[in-house]
Amino acid sequence: MSTVGWITARGLFGRRRFLILLPLPLLLVGLAVLCRSLNVAPSDWGPAVLVGLGLAVVLPVVALVVGTGVLGAEIEDGTVVHILTKPLPRWQIVLPKLAVATAVSAATVAVPLFVAGLLADSVRLGLALAAASALGALAYSALFLALSLLTRRPVLLGLVYVLIWEGLLGRFADGTRVLSIQQWVIALADRMAPTDLLGTTVSVPVAAILTGLVAVGFTVLAIDRLRSFSVAGETS
Amino acid sequence: MTTISAQPAAPTTPASTLDLTGVSRWYGNVVAVNDVSMRLGPGVTGLLGPNGAGKTTLLHMMAGFLSPSRGTVRLDGEPTWRNPQVYRRLGLVSEREAVHTFLSAYEFVLASAKLHRLPDPAAAARRAIDLVEMGDAQDRRIGTYSKGMRQRTRVAAALVHDPQVLLLDEPFNGMDPRQRLHMMTLLHRLGDAGRTILFSSHILEEVEQVSGTVQVMVAGRLAASGDFRTIRRLMTNRPHVFAIHSTDDRALAVALMAEPSVTGVELGRTGLSVKAGDYGAFTRALPKLALRHGIRVRQLLPEDESLESVFSYLVEA
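Chains as they are written, first to last, in my numbering: chain D, 10 to 245; chain G, 115 to 431.
Set out below in structure tokens:
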């Protein structure tokens with residue numbers, strides 16, 4: 010692991026807010042186990058738990074906490090200056106941070122989604138959910154990492170995107186779904202393991218292309234913004 | 115007496131020069147730094163000025179963390195803004211006490227050495243830690259350190275690649291007298307070894323003890339620049355204003371008018387306001403004068419002793 014990645018990972022696990030990631034995946038697995046043990050039909054609980062909780066809440070919230078934590082928290086407390094005062098091309102700072110954010114988010118979300126998918130349907134659905142959520146973690150992480158450099162309130166803006174755009178508008182306005190990472194993840198998972206439990210109006214090619222575009226685009230944006238990173242004057 | 119346990123490495127590359135030409139920086143309508151030009155070469159230079167004078171803004175521009183709104187900042191001819199390669203020759207210790215508290219000092223400095231891609235990061239980290247005398251506590255988490263220890267750890271991280279230029283923003287803040295002395299000695303040695311050292315401070319005595327050359331900033335402008343002793347003399351010889359309250363203010367005012375060190379007296383409702391050209395001569399003469407005229411001085415307050423007033427005088431001088 011690169012030194013930037015090592016410091017990022019140590020910082021991430023050393024911060025208390027990382028602990029708030031644990032209850033959500035546990036809740037997801039707990040609900041799936043409960044429904045399965047009570048013999049509730051998967052068609053009754055699957056969409057609510059897999060999509061309503063897993064893909065609409067757990068994945069974006071975990072990615073938000075981690076994605077803004079890998080750089081935004083360092084900008085907030087000023088420790089980012091230590092890394093920036095090194096003769097490193099800025100992509101060598103952004104890419105390891107993105108890799109850590111994606112890996113941590115994917116690991117935190119993919120495992121419970123795999124378990125929930127397995128309990129709801131099959132190993133195939135579990136694997137599909139895990140793989141699609143890992144791709145979603147990449148897109149979300151790139152977005153939230155770039156937000157850390159675009160605004161002083163990345164968590165707030167990230168929440169607005171997740172809750173208002175994806176959660177609220179995505180439910181009532183079909184057009185917004187095209188620009189919803191959550192819908193892309195559903196489309197990709199449904200393609201890998203077709204099932205009635207997942208449903209979206211976004212086509213697979215659109216989902217795949219936009220996932221790639223968001224991941225690459227926001228990463229390039231973050232690198233460019235980091236090149237021009239300014240520290241606010243403290244005495245003026 | 116403090117001793118330095120390790121020496122900075124002998125310079126292996128030619129000395130570096132930091133050039134600022136007509137540098138200004140504004141935030142909306144607020145001008146933080148106004149048309150500053152200076153050239154910093156080897157040795158220790160103090161950047162002196164009251165809080166809010168624009169020192170930090172200027173340091174951030176020198177360190178490549180802020181783009182000048184106008185003018186240029188160049189290190190050996192290269193711009194510092196959007197140019198990470200300058201950090202091969204430049205080290206920065208910012209004012210903000212920001213450290214990775216979850217790491218030990220050794221881990222922190224070692225990480226810096228690795229990020230600089232030094233050939234032997236472990237040896238470089240040990241040398242830098244010895245330089246700031248943090249060897250005994252190097253394996254403890256930084257979160258358990260005092261403010262002074264954290265500061266020294268940050269200095270070690272900034273020195274790990276043996277930079278030609280070191281910028282320090284208020285480096286003595288939070289240090290006890292012994293740590294302060296140690297840091298001053300270290301800066302002296304680095305300056306003597308041919309490094310270009312610039313540190314900011316709002317405390318006159320700190321600058322006096324460390325540097326011979328000083329840049330004085332007031333309200334975003336470079337108010338004075340050059341040898342500290344000359345500037346200090348200017349500061350000492352400025353008119354001083356005292357508020358005096360006595361048993362007979364009117365009689366004291368008359369007596370003071372004849373005193374050579376006094377340049378003006380104003381009699382007000384609450385007492386006298388006396389302007390003295392020579393601080394020492396006036397404070398020596400006042401008790402004798404009062405005694406001679408049988409007047410009892412009840413209150414003597416210097417009115418303009420704030421650093422801001424000293425700096426303001428410099429701007430007007």
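Ideal Cβ positions, reconstructed from N, Cα and C, are used throughout, including at glycine.
The beta strand (DSSP E) runs lying completely inside the segment 298–349 of chain G and spanning 3 residues or more are 310–315, 327–332, 335–341, given in chain order. Under the three-state reduction of DSSP output, G/His275 falls in the coil class, being neither helix nor strand.
Among the CB atoms of chain D, none fall inside 8 Å of the CB of G/Pro401.
The segment 118–153 of chain D contains no complete alpha helix (DSSP H) run of 4 or more residues. Secondary structure note for G/Tyr141: its beta strand (DSSP E) is the uninterrupted segment 132–141. With a cut-off of 8 Å on Cβ pairs, the segment 203–214 of chain G is in contact with the segment 256–266 of chain G, counting three or more such pairs.
Between D/Ala217 and the set D/Gly208, D/Val229, D/Arg200, D/Ala231, the nearest pair of CA atoms involves D/Arg200.
Listed in chain order, the non-local C-beta contacts of G/Pro182 below 7 Å within the same chain comprise Val137, Ser138, Arg139, Met175, local neighbours out to five positions each way being set aside. The residue among D/Ala137, D/Trp193, D/Leu128 with its C-alpha nearest the C-alpha of D/Trp54 is D/Leu128. Taking 8 Å as the cut-off, the beta carbon of D/Val89 is found closer than this to the beta carbon of D/Leu80.
Counting only the Cα atoms, D/Gly126 lies some 12 Å from D/Ala140. Residue pairing of G/Ile358 in beta bridges, as defined by DSSP: G/Leu386, G/Leu414.
Note that the segment 181–200 of chain G does not touch the segment 51–66 of chain D; fewer than 3 beta-carbon pairs, one per stretch, sit closer than 8 Å.
Listed in chain order, the alpha helix (DSSP H) elements of length 4 or more contained wholly in the segment 235–278 of chain G are 235–245, 261–273. The contact set of G/Val213 on chain D, defined by CB atoms closer than 8 Å, consists of Thr88, His91 in chain order. In chain order, Leu128 place their CB closer than 6 Å to the CB of D/Arg45, counting only its own chain and leaving out the 5 sequence neighbours on each side. Cβ-Cβ distances below 7 Å link G/Thr215 to Arg255, Ile256, Gly257 in the same chain, with the five nearest sequence neighbours on each side left out; the list follows chain order. DSSP places D/Met201 outside any beta strand (DSSP E); the residue lies instead in the alpha helix (DSSP H), whose first and last residues are 190–201. Counting the other Cβ atoms within 10 Å of the Cβ of D/Asp183 gives fewer than 16, which makes it exposed. If you look at D/Thr228, you'll find it in the alpha helix (DSSP H) that goes 213–236. With contacts defined as CB atoms closer than 8 Å, D/Ala119 and D/Ala143 qualify as a contacting pair.
In the DSSP assignment, G/Ala225 falls within the unbroken alpha helix (DSSP H) covering 219–229. Judged by their CB atoms, D/Ser212 and D/Ala202 are not nearer to each other than the 8 Å cut-off. G/Thr131 and G/Arg188 have their C-alpha atoms spaced approximately 8 Å apart. According to DSSP, G/Pro193 shares a beta bridge with G/Arg188.
If you check each beta-carbon in the segment 16–42 of chain D against every beta-carbon of chain G, the ones closer than 7 Å belong to Ile16, Arg19, Gly20, Gly23.
When the Cα atoms are used, D/Ala151 and D/Thr209 turn out to be separated by approximately 23 Å.
Residue pairing of G/Arg153 in beta bridges, as defined by DSSP: G/Asp133. Sequence-ordered contacts of the segment 158–187 of chain G with chain D read Asn165, Gly166, Ala167, Gly168, Lys169, Thr170, Thr171, His174, Ala177, Phe179, Leu180, Ser181 [C-beta pairs closer than 8 Å].
At least one C-beta of chain D is nearer than 8 Å to the C-beta of G/Ser226.
When the five nearest sequence neighbours on each side are left out, the beta carbons in the same chain lying within less than 7 Å of the beta carbon of D/Leu235 are those of Arg99, Ile102, Val103, Leu158, in order along the chain. The beta carbon of G/Phe356 sits closer than 7 Å to the beta carbons of Val388, Ala390, Leu414, Leu415, Pro416, Glu417 from its chain, once the five residues preceding and following it are set aside; these are given in chain order. The beta-carbon distance between D/Thr12 and D/Lys106, rounded to whole angstroms, is 12 Å. This is too long to meet the 8 Å contact definition. At a cut-off of 8 Å between beta carbons, G/Ser208 contacts chain D.
Neighbourhood of G/Leu217 in chain D, by CB distance below 8 Å: Ile16, Arg19, in chain order. When DSSP reads this structure, G/Leu381 sits in a beta bridge with G/Leu386.
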